[in-house]
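Undergrad: Dumping the structure here so I can ask a few things about it.
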Amino acid sequence: MEKKATRDAYGETLRELGRQHSSIVVLDADLSGSTKTNLFAKEFPDRFINVGVAEQNLVGMAAGFALSGLTAFASSFAMFLSGRAWEITRNSVAYPGLNVKLVATHGGITVGEDGASHQCIEDLAIMRAIPEMRVFIPADAPEMEQVIRKAYELQGPVYVRAGRSGVPVLAHASDYQFEPGKAEIRREGRDATIVACGIMVAEADQAAALLAAEHQLDVAVLNMASIKPFDTDTMVRFARQTGVVVSCEEHNIIGGLGSAVCECLAEHFPVPVKRMGMLDQFGQSGPAEELLDHYKLRASDIVSTVLEAVQKARES
498 MEKKATRDAY GETLRELGRQ HSSIVVLDAD LSGSTKTNLF AKEFPDRFIN
548 VGVAEQNLVG MAAGFALSGL TAFASSFAMF LSGRAWEITR NSVAYPGLNV
598 KLVATHGGIT VGEDGASHQC IEDLAIMRAI PEMRVFIPAD APEMEQVIRK
648 AYELQGPVYV RAGRSGVPVL AHASDYQFEP GKAEIRREGR DATIVACGIM
698 VAEADQAAAL LAAEHQLDVA VLNMASIKPF DTDTMVRFAR QTGVVVSCEE
748 HNIIGGLGSA VCECLAEHFP VPVKRMGMLD QFGQSGPAEE LLDHYKLRAS
798 DIVSTVLEAV QKARES
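Quick note on this note's numbering: the sequence shown kicks off at 498 and runs consecutively.
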């Protein structure tokens, strides 16, 4: 299966948007080679600013450009953009509702050998808690292209998470279009629902296929690329239809997709939910693929979790 990193799709799409819209400015915190904003910088050096290792200044300057009527894309690693610049993001971007697009790369444990200090597993929670901040995490490179284009079209602040490692390019419906607050229904089902985001969507697809082939279970798969706004209608429909939900994310199970799913269903249609992700623990240094194995974030682990959840639901 073809693989491509979502950060690569970000850089390429940003460059193309720069060709189309002279109102776009891009800022980076001395990591443009890694975030791929260097593609924009090479073609539009007069609209690119490297602020150095100063993430608070990165976001503050982006806010200033937005106040001047421009659309500012600001990028760094997820750990630093969501963590070090949080107060500036809240008070200087989100509170006044400025047109700043925060695109963070190197999210999750697939940062790999950089280790726990750089493996951000809290960013979705951090950004989701900010009022009026939209939070998106594309599943693959083609969806990242759509997300970045949509982020440009939207007025106001947006946070997008991208990854370091190559991820499978998925088969999307020919008419699929990313929309904030709308899940992609990748597979219908009646026995359980897997709701996933980011790199876990590919694993969820594989898990559903295995469950059908080896266990005769008809399992739905939702790609919840829009963490906020959240697609309550679709989530409730599938919870009602299947009665069991398993959430999968490359993020702490506290505050991210799993929490969003539980909040939605607790209020609208309570069913058993099993959250898969980082179990309130830090990552460690190692190859990305081995870390996914170690922390049980593979299709086989999803299969085991779904089987357990379905069995418990049938016994209750």
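Where is the CB? At the ideal position from N, CA and C, for every residue including glycine. Bear in mind the structure is a predicted one, so any value in this text is a computation, not a measurement.
1. Just to confirm the assignment: which complete alpha helix (DSSP H) runs, minimum length 4, are found wholly within the segment 642 to 725?
2. Taking the beta carbon of V556 as the centre, do at least 16 other beta carbons fall within 10 Å, making it buried, or is it exposed?
3. Going by DSSP in three states, F562 sits in which element: helix, strand or coil?
4. Please go through the same chain and pick out, in chain order, the residues whose beta-carbon is closer than 7 Å to the beta-carbon of S529, but skip the five residues on each side of it.
5. Express the C-alpha separation of V768 and G549 in angstroms, rounding to a whole number.
6. On the premise that V803 lies in contact with A689, defined as a C-beta separation below 8 Å, what is that separation, rounded to the nearest angstrom?
7. Taking the continuous beta strand (DSSP E) assigned at I618, which residues delimit it?
8. Between the alpha carbons of L511 and I634, how many angstroms are there, rounded?
9. Output yes or no for whether 7 Å exceeds the beta carbon distance between V632 and I724.
10. In this structure, how does DSSP classify I627 when only helix, strand and coil are distinguished?
11. Leaving out the 5 sequence neighbours to the left and right, which residues in its chain are closer than 8 Å to V807 when beta-carbon positions are compared?
12. Taking M773 as part of the beta strand (DSSP E), name the residues at either end of that continuous run.
13. Have a look at M624 and E584 and give me their C-alpha separation to the nearest angstrom.
14. Can you name, in chain order, every residue of its own chain whose Cβ lies under 7 Å from the Cβ of M697, other than the five neighbours on each side?
15. Kindly indicate which three-state DSSP category A601 falls into: helix, strand or coil?
16. Using only the alpha-carbon positions, how far apart do G605 and G660 sit?
17. Give me the Cβ distance between E619 and N720, rounded to the nearest whole Å; I'm assuming they're in contact under 8 Å.
18. Quick check on this structure: which residue in V608, A569, Q553 has the alpha carbon closest to the alpha carbon of R581?
19. Near A626, which residues of its chain fall below 8 Å by C-beta distance, leaving aside the five closest residues on each side in sequence?
20. Using DSSP's beta-bridge definition, name the partner residues of A638.
21. Please state the DSSP three-state secondary structure of A796.
22. Skipping 5 residues on each side, what residues in its chain have a beta carbon closer than 6 Å to that of S573?
23. I need the straight-line Cα distance from L762 to D728, nearest angstrom please.
24. Can you tell me whether S814 is helix, strand or coil according to DSSP?
TA: The answer reads as follows:
1. 697 to 712
2. buried
3. helix
4. N535, A538, N547
5. 48 Å
6. The Cβ separation is near 5 Å, so the contact holds.
7. Premise fails: I618 is in no beta strand (DSSP E) and is neither H nor E.
8. 16 Å
9. At a Cβ-Cβ threshold of 7 Å, V632 and I724 count as neighbours.
10. Correct three-state label for I627: coil.
11. D688, A689, L714, V741
12. 770 to 775
13. 11 Å
14. C745, E746, E747, L794
15. A601: strand per DSSP, three-state reduction.
16. 7 Å
17. Rounded, the Cβ-Cβ distance is 22 Å, inconsistent with contact.
18. Q553
19. G752
20. Bridge partners of A638: none, in fact.
21. Here A796 sits in helix by DSSP.
22. A526, L528, E552
23. 11 Å
24. Outside the shown range of the chain (498 to 813) lies residue 814, about which nothing can therefore be said.
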